[in-house]
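Below: one structure, written as structure tokens.
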Amino acid sequence: MMKASSLSPGARTQHVFGLVAIIWFKSAVSAAGEALELQTIPGVVAQCGDNVTLTCDASSLLLSDIRSFNWVGRNKSLCKHDDEHDPEVLCESTAETTHHKLTLTLINVMPVHQGKYLCKLSSKIGVKYTSSFVKVQDCFGGSDSSRNESHAVCWFNGVYPSGTVHWFQGNANSTESASTQEVEDQHGQYNIISTINVKKNLPYNCSLWIPGASKYLVTLVIQPSAVKVKASGSTQIKLQWICMMMEIMMVKFIM
């Protein structure tokens, strides 16, 4: 019959000290991780063309303990503490003894820049991260209108978020009889054109409604008299754009 082996007093003491050391080490690492603070602004609201600055502050950590410290957005690394950064943004890194700041500046913000930006810090004691959300709203590039004996047209460019066009003749809502088309550009903004048959010799109101904001962004008053515009400069570009949009609308109508 075999007897269960038992540890000698010295071995038992050494074993206990080993367990205590392991527990102490885990506690120390956990405490250090909890002491590490990473802070940034939760959200920023901007208009098209703004420069947006996101700052991430890390404290209670020596520079030698940092493995990587960066801003991530749009599925790529944008800004790193070692001065490597995306050419489309500005990146600045400052460091003191136990305080480090990483600043990301988005230049000429457009709707395509909207989304979550992650500040991530990897160190010898673990990984920590926080995020900021950039929201883009109230973008508007410009508007214009024209009218002849049978039709009235109004157009809006550089719009975000997307809107709908409402037509009014006096107090009567004529939106259902209008034809509206929008095209999204490479920046995420919308160009919108709307056409309506003119039946009476009265002024029409053409209003851009933004459902997401529950408000009218701009209203154009289109008078009965037709205005002849010389096609030159920016007007020439506008007319070319209108022709392109009208072709798109005709194709969709035929299909």
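Letter by letter, the sequence shown follows residues -31 to -1, 1 to 224 in mature numbering (1 follows the signal peptide of the UniProt record, and there is no 0).
Each residue gets a CB set at the ideal place from its N, CA and C atoms; glycine is no exception.
- Annotation for L23: the continuous beta strand (DSSP E) segment containing it runs V21 to S28.
- Taking the CA atoms as reference points, K89 sits about 32 Å from G181.
- Contact annotation: P172 and Q158 have beta-carbon atoms that are not nearer than 8 Å.
- Cβ contact annotation for S28 (same chain, cutoff 7 Å, sequence separation greater than five): E6, T67 and H68, in chain order.
- One Cα belongs to D51, the other to S62, and the distance between them is close to 8 Å.
- Rounded to the nearest whole angstrom, the C-alpha separation of L87 and N166 is 50 Å.
- For H120, the enclosing beta strand (DSSP E) has its first and last residue at H120 to V128.
- The residue among P56, L75, G132 and K85 with its C-alpha nearest the C-alpha of F109 is G132.
- Closest by C-alpha distance to L186, out of N117, D19, P56 and P130, is P130.
- A residue is called buried when at least 16 other Cβ atoms come within 10 angstroms of its Cβ; R116 meets this threshold and is buried.
- If you check the CB distance, S91 and L23 do not come in under 8 Å.
- Cβ contact annotation for D19 (same chain, cutoff 6 Å, sequence separation greater than five): V78, in chain order.
- Here DSSP, grouped into helix, strand and coil, assigns H82 to helix.
- With 16 or more neighbouring CB atoms inside 10 Å of its own CB, V128 falls in the buried class.
- The DSSP-derived three-state label of D55 is coil.
- The distance from the Cβ of L47 to that of D34 is about 23 Å, inconsistent with a contact at the 8 Å cut-off.
- In this structure, E53 and I76 do not form a Cβ contact; the two beta carbons are roughly 17 Å apart against a cut-off of 8 Å.
- The beta carbon of C25 lies closer than 6 Å to those of T9, L71 and C88 in the same chain, with the five residues before and after it left out.
- For Q150, the enclosing beta strand (DSSP E) has its first and last residue at A147 to E153.
- Beyond the five residues adjoining it in sequence on each side, V81 comes within less than 7 Å, by CB distance, of H156 and G157 in the same chain, given in chain order.
- Nearest in C-alpha terms to F38, of all of A15, V13 and K97, is K97.
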